[in-house]
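In this note's numbering, the protein residues as written are 73 to 376.
Here a beta-carbon is modelled for each residue, glycine too, at the ideal position from N, C-alpha and C.
Just so we're clear, the structure is a prediction, and the values are computed from it rather than from any experiment.
Below you'll find the structure, written out as structure tokens, and then a few comments.
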């Protein structure tokens with residue numbers, strides 16, 4: 073693998089936001105940017121050594137957790153009212169950005185991420201995802217067909233991402249061995265700490281606050297989006313929020329098709345050590361008929 077150049081390193085350093093909070097090492101981006109010419113030779117040697125040995129230093133895998141009150145919530149002591157924020161080493165995140173740029177190029181050149189994914193993809197947004205769904209609905213209305221949209225949410229998606237599964241999927245995509253080993257090192261032996269007394273090891277997850285995590289999640293969910301559900305089914309996702317758009321001329325057909333979707337989703341979730349949030353699973357029927365028919369569905373082996 074080609075070594076990191078001084079130009080690449082300094083371009084990344086120049087792009088980072090100066091006032092980002094530091095991780096456990098206490099090093100601010102502001103300090104790194106201000107001393108770019110002094111620090112760059114040492115960082116370049118360090119990063120290239122890590123790249124050559126496929127090693128991600130332990131210190132960069134330690135996260136400090138702080139909690140902030142969610143917007144609209146009151147300080148009532150309810151854990152659900154707070155959002156945990158993970159603070160990682162800024163130097164580690166510079167190295168992550170360099171690795172991410174390489175993985176991103178490999179992904180684009182080899183189509184690692186489905187066109188049906190709209191989250192964390194350059195040039196795509198929630199508006200594009202909605203437009204895609206609406207276009208199918210409008211087309212079906214013109215053809216006097218029903219559209220049944222199923223909305224799925226993966227419970228604790230990032231927190232429960234299974235590392236062996238992610239690594240296998242990268243290997244299946246012919247990710248270069250050196251990079252694959254580096255990602256494995258990145259995912260292993262991670263810890264989170266809250267205050268001075270609370271610390272635990274992370275056995276799974278796409279680490280919060282990490283540069284690489286969104287990309288690793290896209291790899292993790294990609295095989296679900298690439299499944300063949302037939303011509304009457306369109307599947308798309310925005311990160312971990314999955315939408316399935318079903319087309320049919322009668323309700324019974326849609327009910328049977330939806331049941332097959334649920335079964336396939338359950339199998340995929342089990343294989344990937346994940347679960348779909350039953351409470352957040354929704355179904356909406358779109359039709360131009362004045363009298364909307366009743367749709368009987370079984371979500372995750374329970375009637376809805």
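Residue 135 is bridged by DSSP to 264.
Taking a 10 Å sphere around the C-beta of residue 319, we find 16 or more other C-beta atoms and assign the residue as buried. For the pair of segments examined, the segment 264–284 was found to touch the segment 145–164: the number of CB pairs separated by less than 8 Å reaches three. Taken in chain order, the complete beta strand (DSSP E) segments of 3 or more residues contained in the segment 281–322 are 305–310, 313–320. The DSSP-derived three-state label of residue 271 is strand. The Cβ-Cβ distance between residue 254 and residue 121 does not fall below 7 Å.
Here the C-alpha atom of residue 358 lies approximately 45 Å from the C-alpha atom of residue 165. Residue 184 is positioned such that its CB atom lies closer than 7 Å to that of residue 245. Per DSSP, reduced to three states, the secondary structure at residue 197 is coil, with no helix or strand assignment.
Residue 221 carries a strand assignment under DSSP once its states are collapsed to helix, strand and coil. The residues 327, in chain order, have a CB closer than 7 Å to that of residue 368 in the same chain once the five nearest residues on each side in sequence are set aside. With a beta-carbon spacing of about 6 Å, residue 341 and residue 348 fall inside the 8 Å limit used to define contacts.
Buried is the label assigned to residue 314, since at least 16 other Cβ atoms lie within 10 Å of its Cβ.
By the CB criterion at 7 Å, residue 294 and residue 186 fall inside the cutoff.
Residue 324 counts as exposed, since fewer than 16 other beta carbons sit within 10 angstroms of its beta carbon. Here residue 310 is not near residue 229, since their CB atoms are 7 Å or more apart. In this structure, the beta-carbon distance from residue 179 to residue 233 does not fall below 7 Å. Exclusion of the five residues before and after residue 196 leaves 190 as the residues of its chain whose Cβ lies within less than 6 Å of its Cβ. A Cβ-Cβ distance of about 41 Å is found for the pair residue 274 and residue 304, leaving them out of contact under the 8 Å criterion. A Cβ-Cβ contact shorter than 7 Å links residue 224 with residue 353. In the three-state reduction of the DSSP assignment, residue 192 falls in the coil class, being assigned neither a helical nor a strand state. Residue pairing of residue 155 in beta bridges, as defined by DSSP: 140.
Taken through DSSP and simplified to helix, strand or coil, residue 355 comes out as strand. Taking a C-beta distance under 7 Å as the contact criterion, residue 85 and residue 108 qualify as a contact pair. Beta-bridge analysis with DSSP links residue 348 to 226. Ranked by Cα distance from residue 285, the options 272, 322, 259, 241 are led by 259. Within its own chain, no residue has a Cβ closer than 6 Å to the Cβ of residue 370 once the five positions on either side in sequence are excluded.
In the DSSP assignment, residue 369 falls outside any alpha helix (DSSP H) and carries neither an H nor an E.
In chain order, 283, 284, 287 place their CB closer than 8 Å to the CB of residue 172, counting only its own chain and leaving out the 5 sequence neighbours on each side.
From the listed residues 344, 217, 146, the smallest Cα separation to residue 236 is found for 344. Around the Cβ of residue 292, a 10 Å sphere holds 16 or more other Cβ atoms; the residue is buried. Between residue 81 and residue 116 a beta carbon distance of about 5 Å is seen, short of the 8 Å cut, so the two are scored as contacting.
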